[in-house]
Amino acid sequence: MPIVRVALPVPLPQLFDYSSQDACEEDVGRCVRVPFGRGEKSGVIVALVAESELDPARLKTVRHIQREVAPLPADWLELVGFVARYYHAPLGEVIALALPPGLRRADAVSDRESDPLLDLSDAGHAALAETRRPSRALALLGELRAAGVIRRSAARELPAGAALGDALKRGWVVAVRGTDPSQPAANRPELTDEQRAAVDAVAAAPDGFTPWLLQGVTGSGKTEVYLRLAERTLAAGRQVLMLVPEIALTPQLESRVANRFPAACVVSLHSALAEGARSRGFVQALEGRADIVLGTRLSVFAPLPRLGLILVDEEHDASYKQQEGVRYSARDVAVWRAHQRKVPVVLGSATPSLESWQHARQARYRSLRLDARALASTLPAVRRIDTRRLKLDEGLSPQLKGAIGERLARGEQSLVFLNRRGYAPVLSCPACGWVSHCPHCSANLVVHLADRRLRCHHCGCDTEVPHHCPVCNNQDIQPFGRGTQRIEARLAELFPAARVLRVDRDSARTRSQWENLLAQIAGGEADILVGTQMMAKGHDFPQLTLVGVIGADASLHAADFRAPERLFQQLMQVGGRAGRAHLPGEVLVQTEYPDHPLYRCLVKHDFDAFAASALDERRAAGFPPFTYQAMLRADAPMLKDAMDFLAHARRLAQEMAPAGLRVFDAVPMRLTRLARRERAQLLVETDERGPLQAFLVYWIEVLRAQRTPRELRWQLDVDPLDV
Numbered sequence: 063m064p065i066v067r068v069a070l071p072v073p074l075p076q077l078f079d080y081s082s083q084d085a086c087e088e089d090v091g092r093c094v095r096v097p098f099g100r101g102e103k104s105g106v107i108v109a110l111v112a113e114s115e116l117d118p119a120r121l122k123t124v125r126h127i128q129r130e131v132a133p134l135p136a137d138w139l140e141l142v143g144f145v146a147r148y149y150h151a152p153l154g155e156v157i158a159l160a161l162p163p164g165l166r167r168a169d170a171v172s173d174r175e176s177d178p179l180l181d182l183s184d185a186g187h188a189a190l191a192e193t194r195r196p197s198r199a200l201a202l203l204g205e206l207r208a209a210g211v212i213r214r215s216a217a218r219e220l221p222a223g224a225a226l227g228d229a230l231k232r233g234w235v236v237a238v239r240g241t242d243p244s245q246p247a248a249n250r251p252e253l254t255d256e257q258r259a260a261v262d263a264v265a266a267a268p269d270g271f272t273p274w275l276l277q278g279v280t281g282s283g284k285t286e287v288y289l290r291l292a293e294r295t296l297a298a299g300r301q302v303l304m305l306v307p308e309i310a311l312t313p314q315l316e317s318r319v320a321n322r323f324p325a326a327c328v329v330s331l332h333s334a335l336a337e338g339a340r341s342r343g344f345v346q347a348l349e350g351r352a353d354i355v356l357g358t359r360l361s362v363f364a365p366l367p368r369l370g371l372i373l374v375d376e377e378h379d380a381s382y383k384q385q386e387g388v389r390y391s392a393r394d395v396a397v398w399r400a401h402q403r404k405v406p407v408v409l410g411s412a413t414p415s416l417e418s419w420q421h422a423r424q425a426r427y428r429s430l431r432l433d434a435r436a437l438a439s440t441l442p443a444v445r446r447i448d449t450r451r452l453k454l455d456e457g458l459s460p461q462l463k464g465a466i467g468e469r470l471a472r473g474e475q476s477l478v479f480l481n482r483r484g485y486a487p488v489l490s491c492p493a494c495g496w497v498s499h500c501p502h503c504s505a506n507l508v509v510h511l512a513d514r515r516l517r518c519h520h521c522g523c524d525t526e527v528p529h530h531c532p533v534c535n536n537q538d539i540q541p542f543g544r545g546t547q548r549i550e551a552r553l554a555e556l557f558p559a560a561r562v563l564r565v566d567r568d569s570a571r572t573r574s575q576w577e578n579l580l581a582q583i584a585g586g587e588a589d590i591l592v593g594t595q596m597m598a599k600g601h602d603f604p605q606l607t608l609v610g611v612i613g614a615d616a617s618l619h620a621a622d623f624r625a626p627e628r629l630f631q632q633l634m635q636v637g638g639r640a641g642r643a644h645l646p647g648e649v650l651v652q653t654e655y656p657d658h659p660l661y662r663c664l665v666k667h668d669f670d671a672f673a674a675s676a677l678d679e680r681r682a683a684g685f686p687p688f689t690y691q692a693m694l695r696a697d698a699p700m701l702k703d704a705m706d707f708l709a710h711a712r713r714l715a716q717e718m719a720p721a722g723l724r725v726f727d728a729v730p731m732r733l734t735r736l737a738r739r740e741r742a743q744l745l746v747e748t749d750e751r752g753p754l755q756a757f758l759v760y761w762i763e764v765l766r767a768q769r770t771p772r773e774l775r776w777q778l779d780v781d782p783l784d785v
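Residues 63 to 785 in the numbering used here are what the sequence shown lists, from first letter to last.
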């Protein structure tokens, strides 16, 4: 009887053998359901073997092999195998992460396309030719005949789109296959000289793996470069994989891509999709029917048999790094996958990560530059407001208030940027010193005055705002600090005739809420925006001419050595929202350190000078990208258990450490307590990647053999972003 080797989602670095009545080589890569313990688990067949180390009589039998879907190809199994090796995670857990839940369970997957192309059938043309009483369905047929082949989602937006269901039911409109997915819409913008040079450079490169860093200022038209490169790839009969850092950016870009390539099958993949839609999109990619796959970090695992190009937008964004479970970097996996499949990969950003910028400087990546805006004639003017001797009004300086008033008088939009949601960071009693600490975390409960709640932004703890101090009963408890809700309230008082709109995770919890907010802004239904980092990238609002930044200085004093890099990237990105069309833009940054080198570079829009200076500091301090790191983290109900485990792990590391490996002391994490668990970490570091990886293989094997307290959990983070 054939024996199949299956990868299962369990925290063990091993594969499991099962017998099967009818398994064959064609089943390698298929999802299966198998008995495991007292229950059942789903996994993937990774090999057929002639014999097992176990007695054949002890092998359990596979319960179901999903043959309704094509098997996962060998290159996909190689991809997840690389991720498992490099990040030292069990293969079964990597596969479980990469597969949509429905497919992972080996469920049946619908073959129905979610947004098919529609056209008039013969019956539809006949209905238009006949003399009939006017109806909404006939009006829609006329609109569809004028529009040509069109996506169902676009057909619904037509003036008579409400009659689409009736037209489909009558058979007047049917789903069709596009003939040429690379055929773009007719209204393409003209390329600038820089955009054309970038597209031609990538097109002229020899076939095979070439990594490109596309560094373009905000508003320079990087997306248009992506679309032109995608057009060339589709024309060659290949597929395109396009990554974006956050779900919030997906709907806007998805619409733009679909409108540019109306005949192409564009699949969106991200965690907010319904299970059925995500499984269907994954299968469309697997079977080669998807022309463009667009999504967040998990879409890097989409199987693409005709892959011809990988695009990574906002490549610097920390959202590409998974921070729980298998801690992989989708950007780095995308580069490896491009190398594996011998295709070009384009990493785009106005503010590249220092690692990618260094690779370009060393010619490991080829460099492309867009130094001019595509529509606006100039970059926004950046000005520093010295707040050391100013009396601020709820964080607003007189200069910022005056600038907002000027924009209101001209009918333009302003954005006040504060990367802290809620009303205030903490509630406190001035009489006894009580502070609204989270009972489960080493953090404070944030005041959300709009619904009178105290919330922890780390563990989700939620409680009512007390009417008096719970310690001394003093009724004069006060919020300290400020968040977006507090700024929103003050701006509404200062400018009562203005329409103030807050854009943060509290106001946009769902895709529909987010799309409604974007539509309001684009439609000119808001005068003053108050936003967090959600507003910092990927959005284009022609009437937005002023950006005011509050509270930026906090990152200058952060313990994380990457904090200045993230601050500069964030300020460049959010400042780039201003003046993207024909109106000039201005950015006002409130700071107590106006002469700080970071702000001096920001005023000049000089990312290269900032990056060179920051890399010099990192080289002197021995920080990445000049060293390679791995972080071992542990958490338990008691901090002592986590620290004892890490101290033992440190002793083991020192015993087997190769020359040049540095093992640091175990320390509590900055946010030590999270969701009732105490956390600590241990850093190991080398000057070369190879010795670190070789050491981790043996260290992890030894650690897995150690006996640990039942409640203790530990995990390894290779190339950590938070140190």
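We put the CB at the ideal spot given by N, CA and C, even for glycine.
The model shown is predicted, which means the values in this text are computed figures rather than measured ones.
Q | Identified DSSP bridge partners for Q743 | A | R695, V729
Q) What are the start and end residues of the beta strand (DSSP E) that includes F669? A) Segment 669-683 is the alpha helix (DSSP H) holding F669; no beta strand (DSSP E) there.
Q.
Taking the beta strand (DSSP E) that T653 belongs to, which residues open and close that run?
A. 648-653
Q. Considering only C-alpha positions, which residue in the set Q76, V362, C500 is nearest to R735?
A. C500
Q | L507 vs R514 beta-carbon contact at 9 Å | A | no
Q. Between which two residues does the beta strand (DSSP E) containing F78 stretch?
A. 78-81
Q) V72 to M304, Cα distance in whole Å? A) 30 Å
Q: Could you check which residue in V345, L335, V156, P221 has the C-alpha nearest to that of T358?
A: L335
**Q.** Straight-line gap, Q420 to V478 (C-alpha atoms, nearest Å)
**A.** 33 Å
Q: Could you tell me which residues DSSP pairs with H499 in its beta bridges?
A: N506
Q. Rounded to a whole number of angstroms, what is the C-alpha to C-alpha distance between A422 and A85?
A. 48 Å
Q: Go ahead and pull the three-state DSSP assignment for M304.
A: strand
Q.
Does the contact criterion of 3 or more C-beta pairs under 8 Å hold for the segment 129-148 versus the segment 316-331?
A. no
Q. Skipping 5 residues on each side, what residues in its chain have a beta carbon closer than 7 Å to that of Q700?
A. Note on residue identity: the sequence assigns Met, not Gln, to residue 700. Counting only Cβ-Cβ distances below 7 Å, and skipping sequence neighbours, we find E740.
Q.
Would you call the segment 385-399 in contact with the segment 146-164, where contact means no fewer than 3 C-beta pairs closer than 8 Å?
A. yes
(Q) If I measure Cβ to Cβ from V362 and keep anything under 8 Å in the same chain, skipping five residues before and after, which residues do I get? (A) L303, L305, A392, V395, A396, R399
Q) Are the beta-carbon atoms belonging to G278 and D602 less than 9 Å from one another? A) no
Q. Where does L348 land, buried or exposed, given buried means 16+ other C-beta within 10 angstroms?
A. buried
(Q) Using a 10 Å radius around the Cβ and a threshold of 16 neighbouring Cβ atoms, would you call C663 buried or exposed? (A) buried
Q. So, is S35 buried or exposed, given that buried needs 16 or more other C-beta atoms within 10 angstroms?
A. What is shown of the chain runs 63 to 785, which leaves residue 35 out entirely.
Q | Cβ neighbour criterion (16 or more within 10 Å) applied to Q631 | A | buried
Q) Can you list, in chain order, the residues of its chain whose CB lies under 6 Å from that of G457, leaving out five sequence neighbours each side? A) R544, I612
(Q) Quick check on this structure: which residue in Y661, W776, R751, A425 has the alpha carbon closest to the alpha carbon of A709? (A) W776
(Q) Between the alpha carbons of L74 and L758, how many angstroms are there, rounded? (A) 16 Å
Q: Could you work out which residue in A640, T413, L416, P492 is closest to N535 when comparing CA atoms only?
A: P492
Q | Range of the contiguous alpha helix (DSSP H) that encloses E577 | A | 573-584
(Q) Looking at the secondary structure, which residues open and close the alpha helix (DSSP H) in which C663 lies? (A) 659-665
Q: Could you spell out where the beta strand (DSSP E) holding I549 opens and where it closes?
A: Where I549 is concerned, there is no enclosing beta strand (DSSP E), although the alpha helix (DSSP H) it sits in stretches over 546-556.
Q: Grab me the residues of A673's own chain with a C-beta within less than 7 Å of its C-beta, minus the 5 sequence neighbours each way, in chain order.
A: L416, W419
Q: Give, in chain order, every unbroken run of the alpha helix (DSSP H) that is at least 4 residues long and sits entirely within the segment 172-231.
A: 184-191, 198-209, 214-218
Q: Output the distance between the C-alpha atoms of T546 and D137, rounded to the nearest integer angstrom.
A: 47 Å
Q | Straight-line Cα distance separating P273 from Q716 | A | 37 Å
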